[in-house]
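Novice: Here it is: the structure, laid out below.
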């Protein structure tokens, strides 16, 4: 169950950060001038957060082939989920649109 939560969290965390940038900051608003648009401000932070999420997911997914106690698997999977959500939320909160 912990592994399923981990696998499901990777695309959800990445989608949430993309939705947050697009929805909260209205990057796709056609009425924005080039000076007001979001530009490429999130072009670095979000892919780094996504790569981090995938890497953490793959690393914790290695538990699926190892024999470890159940509490270890749960602890590692929950820590990985917290880390990937933290990375994506940090990327989202660190972004400041141009005004």
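Residue numbers (this note's numbering): 1078 to 1176. We put the beta carbon where it would ideally sit given N, CA and C, even for glycine.
By how many angstroms is the C-alpha of residue 1161 removed from the C-alpha of residue 1154?
Specialist: Looking at the two C-alpha atoms, the distance is approximately 11 Å.
Novice: Just the C-alpha distance for residue 1159 and residue 1152, rounded to the nearest angstrom, thanks.
Specialist: If you take the alpha carbons of residue 1159 and residue 1152, they lie about 11 Å apart.
Novice: Is residue 1128 helix, strand or coil by DSSP?
Specialist: DSSP places residue 1128 in helix when its eight states are reduced to three.
Novice: Consult DSSP for residue 1108 and reduce its assignment to one of helix, strand or coil.
Specialist: Coil, per DSSP.
Novice: Any idea what DSSP makes of residue 1133, helix, strand or coil?
Specialist: If DSSP states are grouped into helix, strand and coil, residue 1133 belongs with the helices.
Novice: Any idea if residue 1127 is buried or exposed, counting beta-carbon neighbours within 10 angstroms, 16 or more meaning buried?
Specialist: Under this definition residue 1127 is a buried residue.
Novice: Between the alpha carbons of residue 1140 and residue 1156, how many angstroms are there, rounded?
Specialist: Whole-angstrom Cα-Cα distance: 13 Å.
Novice: Which same chain residues end up closer than 8 Å to residue 1138 when comparing Cβ atoms and leaving out the 5 residues on each side of it in sequence?
Specialist: Correct list, in chain order: 1080, 1083 and 1084.
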